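*Asks:* Can you read through this structure? Questions will come right after.
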Amino acid sequence: MTTPDMDPGGPWQPTASSVPEPVPAEPAARAPRRVGIVVALVLAIVVALGFAAAFAWQSLARANWEAQNDALRLRVEDLTLTLSDQNARMAELEEAESQLETLKEEYSAAVNTGARSTEVVTELEQIVDAYGQCVEAQQEHFEVLRNADRYVASSIVSSERSIVEFCDQVHQSYVAFRAENG
């Protein structure tokens, strides 16, 4: 027995028009481009690390700047106080120099007029000499203050205290002299 599709002359004989044409195979779907994803991922990581490094550098620079700013601010305050102290001492020195000039004039007047006794002149000479020593000591102390980093702070304070006490004693002597002799 023959089957209809096997029968060479049967109705089921394939004809050229009844045979389907072969359909071209669909191209296989491309495998995802893994290389592109890897490159994009690496670039994203590099960019993220770049931003992190920039942020860390900025934070470090800011912290360093703030620390330096604080240190400089303290130094400025210290220098301002030192300058203020030196200006006050300069005013004291100028006052002592003015008093020295007044004493020199009085001394000259006393010597020239001969109206005063030798004891008064001697006392006035001693006061003038003491004022001169006071002025010299203060000038030397100002040099020490200008180079304070070379000296021990307690030594500077002690020296200043003794100079101030000496100059105060000289001034008191001058005030007493003026009260006695006009």
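UniProt numbering puts the first residue of the sequence shown at 1, with every later residue one more than the last. Quick reminder that beta carbons are idealized off the backbone N, C-alpha and C, glycines included. From a predicted model like this one, the values you see are computed outputs, not experimental measurements.
Is DSSP giving S159 helix, strand or coil here?
*Replies:* Along the sequence shown, one-based indexing puts residue 159 at 159. In the structure shown, S159 sits in a helix (DSSP, three-state: H, G or I).
*Asks:* Indicate whether L103 and V121 have their beta-carbon atoms separated by less than 7 angstroms.
*Replies:* For this step, residue 103 is matched to residue 103 along the sequence shown. For this step, residue 121 is matched to residue 121 along the sequence shown. Result no, Cβ atoms of L103 and V121 do not sit closer than 7 angstroms.
*Asks:* I'd like to know whether the C-beta atoms of A137 and I163 end up nearer to each other than 7 angstroms.
*Replies:* Counting from one through the sequence shown, the residue named residue 137 turns up at place 137. Counting from one through the sequence shown, the residue named residue 163 turns up at place 163. Yes. Within cutoff.
*Asks:* Return the CA-CA distance between S84 and F55, expressed in angstroms with no decimal places.
*Replies:* Looking up residue 84 in the sequence shown gives position 84. Looking up residue 55 in the sequence shown gives position 55. Approximately 43 angstroms, taken between the alpha carbons.
*Asks:* By the 10 Å Cβ neighbour count, where 16 or more other Cβ atoms means buried, how is V170 classified, buried or exposed?
*Replies:* Indexing the sequence shown from 1 puts residue 170 at position 170. Label assigned to V170: buried.
*Asks:* When the Cα atoms are used, what is the spatial distance from V111 to C134?
*Replies:* Along the sequence shown, one-based indexing puts residue 111 at 111. Along the sequence shown, one-based indexing puts residue 134 at 134. Going from the Cα of V111 to the Cα of C134 covers about 23 angstroms.
*Asks:* Which of helix, strand or coil does DSSP assign to V135?
*Replies:* Numbered from 1 along the sequence shown, position 135 holds the residue referred to as residue 135. Helix at V135.
*Asks:* I need the DSSP call for S84, collapsed to helix, strand or coil.
*Replies:* Here residue 84 corresponds to residue number 84 of the sequence shown, with the count starting at 1. S84 falls in the helix class under three-state DSSP.
*Asks:* Among the candidates L72, E165 and T82, whose CA atom is the shortest distance from the CA of R146?
*Replies:* If you number the sequence shown from 1, residue 146 lands on position 146. Checked all of L72, E165 and T82; the closest Cα to R146 is T82.
*Asks:* With a Cβ-Cβ cutoff of 7 angstroms, do Y107 and L93 count as a contact?
*Replies:* For the purposes of this step, residue 107 is taken as the residue at position 107 of the sequence shown. For the purposes of this step, residue 93 is taken as the residue at position 93 of the sequence shown. Contact flag unset, no.
*Asks:* Based on Cα-Cα distance, which residue from V152, T118 and F142 lies nearest to N181?
*Replies:* For the purposes of this step, residue 181 is taken as residue 181 along the sequence shown, with counting starting at 1. The candidate whose alpha carbon is nearest that of N181 is T118.
*Asks:* According to DSSP, simplified to helix, strand and coil, what is S173?
*Replies:* In the sequence shown, residue 173 corresponds to position 173, counting from 1. It is helical.
*Asks:* Using 8 angstroms for Cβ pairs, my map puts F142 next to Q99. What's the rounded Cβ distance?
*Replies:* Numbered from 1 along the sequence shown, position 142 holds the residue referred to as residue 142. Numbered from 1 along the sequence shown, position 99 holds the residue referred to as residue 99. Not really, about 18 angstroms apart at Cβ, beyond 8 angstroms.
*Asks:* Taking all protein chains shown into account, decide if Y174 is buried (16 or more other Cβ within 10 angstroms of its Cβ) or exposed.
*Replies:* For this step, residue 174 is matched to residue 174 along the sequence shown. Y174 is buried by the Cβ-count criterion.
*Asks:* From Y131 to W65, what does the alpha carbon distance come to, in whole angstroms?
*Replies:* To locate residue 131, count along the sequence shown from 1; it is residue 131. To locate residue 65, count along the sequence shown from 1; it is residue 65. Near 50 angstroms, if we compare the C-alpha coordinates of W65 and Y131.
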